[in-house]
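Let me begin by presenting the structure, written as structure tokens, before commenting on it.
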Amino acid sequence: MNKDISLIGVPMDLGQTRRGVDMGPSAIRYAGIVERLEKLNFNIHDLGNIDISRPDRNQPEREDKLRNLQEVVEANTRLANLVDEQVKNNHFPLVLGGDHSIAIGSLAGVSRHYENLGVIWYDAHGDINTTETSPSGNIHGMPLAVSLGYGHEKLTSILDDNPKIKPENVVLIGIRDLDEGEKELLRDLNIKVFTMHEIDRIGMPQVMKETINYLKDRTDGVHLSFDLDGINPSEAPGVGTPVIGGVTYRESHLAMEMLAEADIITSAEFVEVNPMLDDKNKTAILTVALVGSLFGEKLI
548 MNKDISLIGV PMDLGQTRRG VDMGPSAIRY AGIVERLEKL NFNIHDLGNI
598 DISRPDRNQP EREDKLRNLQ EVVEANTRLA NLVDEQVKNN HFPLVLGGDH
648 SIAIGSLAGV SRHYENLGVI WYDAHGDINT TETSPSGNIH GMPLAVSLGY
698 GHEKLTSILD DNPKIKPENV VLIGIRDLDE GEKELLRDLN IKVFTMHEID
748 RIGMPQVMKE TINYLKDRTD GVHLSFDLDG INPSEAPGVG TPVIGGVTYR
798 ESHLAMEMLA EADIITSAEF VEVNPMLDDK NKTAILTVAL VGSLFGEKLI
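Positions in the sequence shown are counted from 1; adding 547 to them yields my numbering.
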């Protein structure tokens with residue numbers, strides 16, 4: 548793994564309706580992410596937070612049924628260009644959210660550098676809704692669909708007017724809450740999904756072994772998109788859309804440790820940390836520990 552890490556904060560809360568997730572990057576920094584990675588002998592380039600434009604109160608909240616569309620497009624375009632630049636500099640882009648709509652920009656920027664970019668989507672949700680299937684119009688439920696080329700043209704055309712990833716290069720882990728339209732698209736695209744049923748049945752070690760083997764030979768880079776609501780809310784309470792019955796803290800550590808050993812992750816984001824809903828910054832502290840495991844931290 549590259550020893551230079553570019554830390555990018557995206558204080559975005561416009562892809563959904565719960566206030567507070569814009570403070571996620573600050574909470575994660577406060578929990579010690581820079582110090583944790585420096586102890587592992589990485590060179591940390593903290594690029595601060597990108598600017599997020601606030602909606603004009605005199606303008607309609609929705610455009611083509613989507614909430615804050617223009618502002619989300621602008622923020623993700625800024626992020627995509629910055630991520631693209633960091634990869635050109637041979638730095639590992641580590642993006643801190645913010646809501647999960649920021650994955651649109653992360654993947655747009657990273658995908659320019661890979662022919663077959665793999666994606667591990669670690670989440671309670673599929674985030675593969677489109678304008679037509681979304682019950683809410685919240686763009687944080689759409690980034691995977693957008694990156695696959697499905698959705699509003701203003702979103703799918705960020706940086707490049709083509710799909711950023713291929714369905715056969717995607718693996719979802721921890722899924723336990725899907726809308727009907729998402730189920731249909733996942734089936735139609737034949738995307739590999741490990742729901743909580745599979746994790747309970749075969750265990751996280753086997754899930755990660757299969758994921759790594761599946762992606763290792765077919766991809767030339769792998770992006771990890773880690774939504775903290777993938778973890779059970781009793782252990783990660785500071786998220787906007789908690790779903791009971793999730794992956795445990797220890798299972799998630801094991802997943803990150805196995806990815807570190809496989810050395811296949813080339814970019815990553817950790818999203819949906821909401822300090823306003825948290826308990827003494829518990830979720831941000833947990834996030835920093837997981838990042839440590841992803842970057843090779845070991846007890847002994």
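The C-beta atom is built at its ideal place from N, Cα and C for all residues, glycine as well.
C-alpha gap between Leu587 and Leu554, whole angstroms: If you take the alpha carbons of Leu587 and Leu554, they lie about 15 Å apart.
C-alpha distance - Glu700 paired with Asn623, whole-angstrom precision: 14 Å
9 Å Cβ cutoff met for Leu771 and Ala831: no
8 Å CB neighbourhood of Asp825 in its chain, flanking five on each side removed: Ala574, Pro784, Gly785, Ala831
Ile720 vs Val769 beta-carbon contact at 9 Å: no
Lys845 to Gly793 span [Cα, whole Å]: 24 Å
Phe817 to Asn737 span [Cα, whole Å]: 26 Å
Burial state of Gly571, where buried means 16 or more other Cβ atoms lie within 10 Å: Residue burial annotation: Gly571 is buried, with at least 16 other C-beta atoms found within 10 angstroms of its C-beta.
Beta-bridge pairing of Gly644 - partner residues as DSSP gives them: Val557
Asn615, buried or exposed, once every other Cβ within 10 Å from all chains shown has been counted against 16: buried
Nearest neighbour of Asp774, chosen from Ile686, Lys730, Ala650 [CA to CA]: Ala650
Alpha-carbon to alpha-carbon, Lys763 and Ser840: 19 Å
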